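Chains as they are written, first to last, in my numbering: chain A, 1 to 251; chain B, 1001 to 1452; chain C, 2001 to 2186. These notes concern the structure reproduced below.
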Amino acid sequence: MSNQTPHVGLFIPCYVDQFYPNVGIASLELLEKLGCKVSYPQSQTCCGQPLANSGYERDTIGSSEHFIKTFGDFDYVVAPSGSCIMHVKEHFPPEFHDQNSYKELQGKVYELTEFITDVLKAEIKGKFPHRIGYHSSCHGLRGLRLGASTELNISPFNKAKQLLQGLDGLDWVELTRKDECCGFGGTFAVSEEALSVQMGKDRLADHLEKNVEILTGGDMSCIMHLQGISSRNKQPLKFMHIAEILNQAIQ
Amino acid sequence: MSHPSKAAEFLKDQAKSHWHDETLWFVRDKRDKISKSIPEWENLRTLASGLKDYVLNNLDSLLLDFEANAKKNGIHVHWAVDAEEHNQIVHSILEKHDCKAIVKSKSILTEECHLNPYLEKRGIEVVDTDLGERIVQFLQQPPSHIVLPAIHLKKADISKIFHEKLQTEKGNEDPTYLTHAARLHLREKFLKAKVAITGVNFGVAETGEFVVCTNEGNADMGVHLADVHIACMGIEKIIPRRKDLGVFLRLLARSATGQPITNYNSHFRSPEPGKEIHIVLLDNGRTRQLARDKFKNSLKCIRCGACMNTCPIYRRSGGYSYGSTVPGPIGSILSPGIDVKKYSTLPFASTLCGSCSDVCPVKINIHEQLYEWRQEITKANPDLAKGMSMKMASGIFTSPLAYKISGSLMRKSLKALPKSIIYNPLNVWGKERDLPNPPKESFKEWYKKNRP
Amino acid sequence: MSSRDQIIQAIQKVKPDNQTLPEIPEFRVPEDLLATFILSIEGNKGQVVSKEDFSSWLKEKGYSKILSNSDRLEVSNLQILPSDPHELAELELAILDGQWASAENGAIWLDDTQLRLRAIPFITEHLVITIPESNILGNMHQAYDKIGAAHSSFGVFIAGPSKTADIEQSLVIGAHGAKSLTVVIV
Chain A
1 MSNQTPHVGL FIPCYVDQFY PNVGIASLEL LEKLGCKVSY PQSQTCCGQP LANSGYERDT
61 IGSSEHFIKT FGDFDYVVAP SGSCIMHVKE HFPPEFHDQN SYKELQGKVY ELTEFITDVL
121 KAEIKGKFPH RIGYHSSCHG LRGLRLGAST ELNISPFNKA KQLLQGLDGL DWVELTRKDE
181 CCGFGGTFAV SEEALSVQMG KDRLADHLEK NVEILTGGDM SCIMHLQGIS SRNKQPLKFM
241 HIAEILNQAI Q
Chain B
1001 MSHPSKAAEF LKDQAKSHWH DETLWFVRDK RDKISKSIPE WENLRTLASG LKDYVLNNLD
1061 SLLLDFEANA KKNGIHVHWA VDAEEHNQIV HSILEKHDCK AIVKSKSILT EECHLNPYLE
1121 KRGIEVVDTD LGERIVQFLQ QPPSHIVLPA IHLKKADISK IFHEKLQTEK GNEDPTYLTH
1181 AARLHLREKF LKAKVAITGV NFGVAETGEF VVCTNEGNAD MGVHLADVHI ACMGIEKIIP
1241 RRKDLGVFLR LLARSATGQP ITNYNSHFRS PEPGKEIHIV LLDNGRTRQL ARDKFKNSLK
1301 CIRCGACMNT CPIYRRSGGY SYGSTVPGPI GSILSPGIDV KKYSTLPFAS TLCGSCSDVC
1361 PVKINIHEQL YEWRQEITKA NPDLAKGMSM KMASGIFTSP LAYKISGSLM RKSLKALPKS
1421 IIYNPLNVWG KERDLPNPPK ESFKEWYKKN RP
Chain C
2001 MSSRDQIIQA IQKVKPDNQT LPEIPEFRVP EDLLATFILS IEGNKGQVVS KEDFSSWLKE
2061 KGYSKILSNS DRLEVSNLQI LPSDPHELAE LELAILDGQW ASAENGAIWL DDTQLRLRAI
2121 PFITEHLVIT IPESNILGNM HQAYDKIGAA HSSFGVFIAG PSKTADIEQS LVIGAHGAKS
2181 LTVVIV
């Protein structure tokens, strides 16, 4: 990183903006505490992922162009969502005119935890005396490779764990199925409702069996789904985005 | 019936679907453990993928080499453009030998061609000899998994059908007892059969030989006792050299069941004196798939089934929920190539979690192809597209999308997602899930106030 | 146009530029080949015995219908090799000489020269395969290097007794082929 304070464009996914403003606030404050100059361009919109994953990538030319216009001038673009970042990195439609500026964008978009570990190379010191179950969201894990997936025979790593384990008192729980999908899957959550809910229940059971106190992760969409099931079934689990934990704990 | 409704049906029997999930997870877990005992595992995957790329790019010359070498070795080589021709060829060989009963070892390809009903209609008794396949054959079902054909059945189901068909003791559910009863029953069939049919795991262009892998030994029992061996092979099963088998055999069983290798790996190069070997090379849509740039590498598949075992959808919805010969993730990228309308819901039966691509021993980018098929299907099938947008509309995205897709930005998108996105009253999301509590202000509103 | 030409033409129509065939590098092999081989065979539910232990094992089993193609083991009271494999339906024990073995997975290579009748290792109730310790190789790549040039009309890697897990994933030994595999190190 250069000596100049980098200018970070904060990309807040639409559902986070609407339902989880605290996650946006935590991301913003955390990056500021880590010495970044952060701006939230207010003209930003949904990145187009829900459409693209439903088979309408071709209809996201407008939103893709708008995204590049909105974020093109920043040194970095950071979002508290592996899923949306993966979409921005990989799925802007090929019909899209300005492939050069897209390439440039692809080189500077980061999911929040990878931005902290790989670009800022920061360690976070602080205290968070709680028993934590981490939900590895698939797009972050296997799309952005924020950790080693259990299928691969490579050295284990996990960027979120790397950050969380710096916190005093944090009790990291190893799950039985470390990185199984929670069943959210965007449109899948409603088009395959029965399966989606069953997958969510199974994920929650793994956390509950291990007496997890707070379930966290890097994607609010998965957490929204898990929290929705957990709350309907009155389960004793709390839910926080990893940005909220880090921002609360950081000294 | 679509995948979602069949999946919901499967999930109704909670105990059984939970068992199905756990059992297949156990197989995946074995795969994980054994793959991690091979330090060069990821290199092998890359190598296998590279070899298969070479195969797909040189399929014409490799097939012609294979044919020439096989003929030199005294093997009869036949070519079939589709299932119908494949079945006709097989039937004509049987007719020539006046054969009324055959034994067949596991072959997904003959399932794909619906060979059994074709032959049965012509008065030929077909006996599937793989234990799992025999079980589902007794029940008049197709296999629900390409490696574990009867994985959807409990031992009580098997005990019942064996009691009926093989006169085993009523209520005896001991797997060893049942397996040995099948052994005796099938041995009789093996000893009588004049023609045996097998699939092919690998055809070697360099030598004209082909390799068949089994754990039970049923393929070998069949062919070595019969006078005629018919091997049915998809054209994509070619590999260039004999030594390439070293790469594939190291990956196949470890990926499939977590074993270091299948028990019997038989290399057929020439018939035994006085006997015949026939190979039927089948296209049946494979060259069409080869012409599709985004999807052609689905033809690298070596049919290990690892993507099924790892798929959180497959494990919880069962093989039949897919309604295709090859179920699971790989089936969901192969089947739309055969019939894009019939199999239109399959690429959506996924969260795109990517586990399938990470277990695949030949590195097929399965989940990326699922995504690409979605793009094709919404073009080819507007009805489904409408359904999907309705579903989307009823989901959690309603509010943010309605809020965010405004002004001039995504009018095009709005055409694809009609008014329903804003007005649809259904709320599928909320059936078993609470909605998040709406906060008093959005992040944007907070930002305006706090970072003016 | 014949089906053959139709298929080949369809392939040629979409054939991309040439691509080189990947070479297979050498991979590291286990240090103690015999120990690894024994573990592999046992993992495959077979057993490994020494030549000395073999005689007492055979006596203890008391098989009466034995067929041997082995040049490495002395066994008496053998059946004569029939010309029709169906006559082997009641065979209790077959003894065959293996050519090469791969330690990483226990696979043992046999071909027509040892088998004489291809059905033998499958139709027999129990199977014995001999292998000289010096013919145990590290992995499948080394095994194919050794057998690569040989023109076998039929060859097979056998790694264990016949098995299945098709009923609720419970492992059962003895599906259709041999119910046991005993490997004799010579």
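From the three backbone atoms N, C-alpha and C, an ideal C-beta is built for every residue, glycine too. The model shown is predicted, which means the values in this text are computed figures rather than measured ones.
Under the rule that a run must span 3 or more residues, the beta strand (DSSP E) segments found entirely inside the stretch 2057–2088 of chain C read 2066–2068. Neighbours of LEU2021/C in chain B, taken as residues whose beta carbon is under 7 Å from its own, are TYR1054 and PRO1240 in chain order. Taken through DSSP and simplified to helix, strand or coil, VAL1359/B comes out as helix. The criterion of a C-beta distance shorter than 8 Å is satisfied by LEU10/A and VAL78/A.
In the structure shown, the three-state DSSP call for GLU180/A is coil. The stretch 2160–2175 of chain C and the stretch 2134–2141 of chain C do not touch, with fewer than three beta-carbon pairs separated by less than 8 Å. Below the 9 Å Cβ cutoff, chain B contributes no neighbours of VAL2128/C, its closest Cβ being approximately 16 Å away. For the pair GLU1372/B and ASP1053/B, the Cα-to-Cα distance works out to about 19 Å. The Cβ atoms of GLU57/A and ILE85/A do not sit closer than 8 Å to each other.
Your pair GLY1222/B and SER1107/B does not check out as a contact, with CB atoms roughly 11 Å apart and the cut at 8 Å.
Within the stretch 89–122 of chain A, those residues whose Cβ lies closer than 8 Å to any Cβ of chain B are, in chain order, HIS91.
Between ILE2095/C and SER2068/C a beta carbon distance of about 4 Å is seen, short of the 8 Å cut, so the two are scored as contacting. From the beta-carbon of VAL2156/C, the residues of chain B found nearer than 8 Å are ASP1220, TYR1264, ASN1265, SER1266 and HIS1267. One alpha carbon belongs to ARG1183/B, the other to TRP1019/B, and they sit about 27 Å apart. Interface annotation, ARG1254/B: not in contact with chain A, CB-CB separation never under 8 Å. ASN153/A and ALA1083/B have their C-alpha atoms some 39 Å from each other.
Under the 8 Å criterion on CB atoms, TRP1019/B is classed as non-interfacial with respect to chain A.
CA-CA distance, GLY1305/B to ASP2005/C, rounds to 32 Å. Here the stretch 97–108 of chain A makes contact with the stretch 54–71 of chain A; the two share three or more CB pairs at distances below 8 Å. Note that the C-beta distance between GLY133/A and LYS210/A is below 8 Å. Within the stretch 1018–1094 of chain B, the runs of beta strand (DSSP E) that reach at least 3 residues and sit entirely inside it are, in chain order, 1076–1080.
Put simply, the backbone Cα of LYS178/A is about 8 Å away from that of HIS135/A.
In the displayed model, ASN1450/B falls within a helix according to three-state DSSP. Distances from the alpha-carbon of VAL1127/B to those of ILE1197/B, GLU1206/B and ALA1205/B put ILE1197/B closest.
If you draw a straight line from the Cα of LYS1300/B to the Cα of TRP2057/C, it is about 46 Å long. DSSP lists THR1214/B and ILE2158/C as the beta-bridge partner residues of TYR1264/B. For the stretch 209–232 of chain A, the residues whose beta carbon sits under 8 Å from a beta carbon of chain B are, in order, MET224, HIS225, GLN227, GLY228, ILE229, SER231 and ARG232. From the listed residues ASP2112/C, THR2182/C, LEU2117/C and TRP2100/C, the smallest Cα separation to LEU2033/C is found for TRP2100/C. Burial state of ILE2080/C is exposed, judged by a 10 Å Cβ sphere holding fewer than 16 other Cβ atoms. Distances from the alpha-carbon of GLN1137/B to those of HIS1097/B, PHE1066/B, LYS1155/B and ILE1161/B put ILE1161/B closest. Within the stretch 18–67 of chain A, the complete beta strand (DSSP E) runs of at least 3 residues fall at 37–39. A Cβ-Cβ distance of about 7 Å is found for the pair GLY1217/B and ASN1263/B, placing them in contact under the 8 Å criterion. Put simply, the backbone Cα of ILE1238/B is about 15 Å away from that of CYS1213/B.
In the DSSP assignment, HIS87/A falls within the alpha helix (DSSP H) that extends over 82–90. Residue pairing by DSSP places TRP1373/B opposite no residue, since no beta bridge is assigned to it. For SER1270/B, the residues of chain C that pass the 8 Å Cβ criterion are SER2153 and PHE2154, in the order they occur in the chain.
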